[in-house]
Amino acid sequence: MPATDLDSERDYADDQFSAQGVFRTERSKAVCAYFEPGQFIPVHAPDSDVTVVVQSGRGIVRDGDTDHAVEPGSVVSVPAGTDRGVRATAGERLEAVLVTAPPPTDAEHEPVRRGLQNGEFEP
Numbered sequence: 001m002p003a004t005d006l007d008s009e010r011d012y013a014d015d016q017f018s019a020q021g022v023f024r025t026e027r028s029k030a031v032c033a034y035f036e037p038g039q040f041i042p043v044h045a046p047d048s049d050v051t052v053v054v055q056s057g058r059g060i061v062r063d064g065d066t067d068h069a070v071e072p073g074s075v076v077s078v079p080a081g082t083d084r085g086v087r088a089t090a091g092e093r094l095e096a097v098l099v100t101a102p103p104p105t106d107a108e109h110e111p112v113r114r115g116l117q118n119g120e121f122e123p
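Quick note on full-length UniProt numbering: the sequence shown kicks off at 1 and runs consecutively.
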């Protein structure tokens with residue numbers, strides 16, 4: 001079984017959030033995600049459940065029409081097919097572990113790519 005910690009995977013990027021894959025099967029995927037202040041994963045609605053576990057920093061996790069304010073220790077789960085996104089608070093880095101089941105397809109991540117390219121949280 002793979003094991004890691006946020007310290008060993010930590011990798012921030014200036015242009016967009018960084019996701020370090022730590023585990024993947026056909027049934028699930030786990031990534032360590034690192035956000036500079038204001039960085040985000042654009043809102044999208046893949047056909048997979050996601051659980052976000054915040055390790056440090058503050059931000060929001062979109063769950064449908066609700067924005068959950070998150071901080072260290074927060075856990076937010078969003079069901080498949082529901083709009084979701086993650087954004088770090090301005091002025092503060094955010095670190096979280098995201099587990100999706102099943103892993104989203106490449107096509108389901110098109111809104112994420114488009115949102116990052118256009119700098120839009122809600123593409």
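Beta carbons: idealized from backbone N, C-alpha and C, even for Gly.
Inset, instruction - Would you check if the distance between the CB atom of Arg-62 and the CB atom of Glu-71 is smaller than 9 Å? - result: Stepping through the sequence shown from its first residue, residue 62 is reached at position 62. Stepping through the sequence shown from its first residue, residue 71 is reached at position 71. Not in contact: Arg-62 and Glu-71 (Cβ atoms no closer than 9 Å).
Inset, instruction - Take every Cβ of the region 106-116, pair it with every Cβ of the region 37-46, and state whether three or more of those distances are shorter than 8 Å. - result: yes
Inset, instruction - Counting only runs of 3+ residues fully inside the UniProt domain "Cupin type-2" (35-99), write out the beta strand (DSSP E) ranges in chain order. - result: If we require 3 residues or more, the beta strand (DSSP E) runs fully inside the UniProt domain "Cupin type-2" (35-99) come out as 40-44, 49-57, 59-63, 66-70, 75-78 and 84-88.
Legend entry - Option in Arg-87, Ser-77, Thr-105 and Ala-88 with minimal Cα separation from Val-99: Here residue 99 is taken as the residue at index 99 of the sequence shown, counted from 1. Of Arg-87, Ser-77, Thr-105 and Ala-88, the residue nearest in Cα terms is Ser-77.
Inset, instruction - Please determine, among Gln-117, Ser-74, Phe-35 and Pro-104, the residue with the shortest C-alpha to C-alpha distance to Ser-28. - result: As a first step, residue 28 is located in the sequence shown; it is residue number 28 there, counting from the start. The option with the nearest alpha carbon to Ser-28 is Pro-104.
Inset, instruction - Could you check the C-alpha separation between Ser-22 and Thr-4 for me, to the nearest Å? - result: Along the sequence shown, one-based indexing puts residue 22 at 22. Along the sequence shown, one-based indexing puts residue 4 at 4. According to the sequence shown, residue 22 is Val rather than Ser. Going from the Cα of Val-22 to the Cα of Thr-4 covers about 7 Å.
Legend entry - Cα-Cα separation, Val-95 to Gly-38: For the purposes of this step, residue 95 is identified with residue 95 of the sequence shown, where counting begins at 1. For the purposes of this step, residue 38 is identified with residue 38 of the sequence shown, where counting begins at 1. Residue identity check: residue 95 is Glu in the sequence provided, not Val. So the two alpha carbons sit approximately 12 Å from each other.
Legend entry - Residues of its chain near Glu-92, where Cβ-Cβ distance is below 6 Å and the 5 sequence neighbours each way are ignored: Your numbering for residue 92 matches position 92 in the sequence shown. So the list reads Pro-37, Gly-57 and Arg-58, once near-sequence residues are dropped.
Legend entry - Endpoints, beta strand (DSSP E) assigned at Arg-24: Against the sequence shown, residue 24 aligns to sequence position 24. First-last of the beta strand (DSSP E) with Arg-24: 18-24.
Inset, instruction - Classify Ala-3 as helix, strand or coil using the three-state DSSP reduction. - result: Reading the sequence shown from its first residue, position 3 is the one you call residue 3. Coil, per DSSP.
Legend entry - CA-to-CA distance, Tyr-12 to Ser-74, given in whole angstroms: Start at 1 with the first residue of the sequence shown, and residue 74 comes out as number 74. Start at 1 with the first residue of the sequence shown, and residue 12 comes out as number 12. Approximately 21 Å, taken between the alpha carbons.
Legend entry - Proximity below 9 Å, CB of Ala-88 to CB of Phe-35: Locating residue 88 in the sequence shown gives position 88, counting from the first residue. Locating residue 35 in the sequence shown gives position 35, counting from the first residue. Yes, the Cβ-Cβ distance between Ala-88 and Phe-35 is below 9 Å.
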